[in-house]
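If you're matching positions, the sequence shown starts at 366 in my numbering and goes up one per residue. Just below is one structure, and these are the notes that go with it.
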Amino acid sequence: MQVLILASGSQYRRELLSRLGLPFSTMTPGVNESAQPAEPPLNLAQRLAAEKAAAIVKHAATQSSKTAAIVIASDQVGAFDGQRLEKPMSEARAYEQLHAMSGQQVMFYTAVHMTNSITGESFAAVDETRVQLRKLSLNEIHRYVELDKPLDCAGSFKVESLGITLFDLVASQDPTALIGLPLIAVSRGLRQFGFALP
């Protein structure tokens, strides 16, 4: 018997994983998410997903359980104009981000790392999503930020709600990746660990 642990406090990731119909618990890994000097966004996403999984595996090991936990960790890093996209945390910063990205392309790297807490077996994958924002007027930007309040989202938009109206194109191998957890990759990993899906 294996149990699933989602290494995240994100409600979006929790909602996504629940789509698979498997019971799971959540734990917040509490890792430092700072980028290393000159670390590319793709590498940062992969490193943070692996570190989050390792933090929860380490915690699971201290519980001296003989039951294997499959830890699922994910990290997403957005990049625009060669720079990492941060969460705006204020309306003013959200306005600035959306204005700068208006009519431009943004890349999102969503990494997933899964580890068996007993055997150490792991699975890793990354999804690259290209987002083309449409030309946005200042009124549209202000109205969007006021309505959707995307202050805790890198790039200042929530694709799972009104943020989708800001785009001309979303190109990805996995439609759930941009929300924060690439379920196609997670399903592939779970099958590797012996779960029957569907």
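Virtual Cβ for every residue (Gly too), placed ideally from N, Cα, C.
Looking at residue j and residue i, is the spacing between their C-beta atoms short of 9 angstroms?
| i | j | result |
| --- | --- | --- |
| Lys417 | Ser390 | no |
| Val551 | Leu409 | no |
| Ala489 | Ala434 | no |
| Gly545 | Arg378 | yes |
| Lys523 | Asp539 | no |
| Leu548 | Leu385 | yes |
| Glu451 | Met472 | no |
Work out the CA separation of residue j and residue i for me, nearest whole Å.
| i | j | result |
| --- | --- | --- |
| Leu531 | Arg499 | 6 angstroms |
| Val510 | Val496 | 18 angstroms |
| Leu527 | Thr541 | 16 angstroms |
| Leu516 | Asn481 | 34 angstroms |
| Ala519 | His478 | 20 angstroms |
| Leu369 | Ala536 | 30 angstroms |
| Asp446 | Pro402 | 17 angstroms |
| Ala426 | Gly395 | 16 angstroms |
| Ala419 | Leu543 | 23 angstroms |
| Ser467 | Ile483 | 47 angstroms |
| Asp455 | Gly485 | Checking the sequence shown, residue 455 turns out to be Ser, not Asp. Their backbone Cα atoms lie some 40 angstroms apart in a straight line. |
| Gln469 | Ala457 | 20 angstroms |
| Pro388 | Gln428 | 19 angstroms |
| Ser487 | Ser373 | 18 angstroms |
Short of 8 angstroms in beta carbon distance, which residues of its chain neighbour residue i, apart from the five on each side in sequence? Order them along the chain.
| i | result |
| --- | --- |
| His507 | Tyr460 |
| His464 | Leu501, Leu503, Ile506 |
| Gln367 | Thr432, Ala433, Ala434, Ile435, Asn481, Phe558, Gly559, Phe560 |
| Asp533 | Gln497, Leu498, Arg499 |
| His424 | Met392 |
| Glu404 | Arg412 |
| Glu398 | Leu413, Asp440 |
Might you give, ordered along the chain, the residues of its own chain that have their beta carbon closer than 6 angstroms to the beta carbon of residue i, omitting 5 neighbours on each side?
| i | result |
| --- | --- |
| Pro406 | Val442, Ala444, Arg449, Tyr474 |
| Pro453 | Ala459, Gln462, Leu516, Ser521 |
| Ala476 | Ala410, Gln411, Ala414, Asp440, Val491 |
| Glu525 | Ile544 |
| Glu380 | none |
For residue i, which residues in the same chain have their Cβ closer than 7 angstroms to its Cβ, ignoring the five residues on either side in sequence?
| i | result |
| --- | --- |
| Arg556 | Leu562 |
| Ser375 | Gly545 |
| Ala400 | Leu409, Arg449 |
| Val422 | Val436, Thr480, Ser482 |
Tell me residue i's beta-bridge partners as DSSP assigns them.
| i | result |
| --- | --- |
| Ile370 | Ser390, Val436 |
| Tyr474 | Val442, Glu493 |
| Met479 | Ile437, Phe488 |
| Val535 | Val496 |
| Leu450 | Gly443 |
Closest Cβ-Cβ distance between residue i and chain C: below 9 angstroms?
| i | result |
| --- | --- |
| Glu456 | In summary, chain C is missing from the structure at hand, where a single protein chain is found. |
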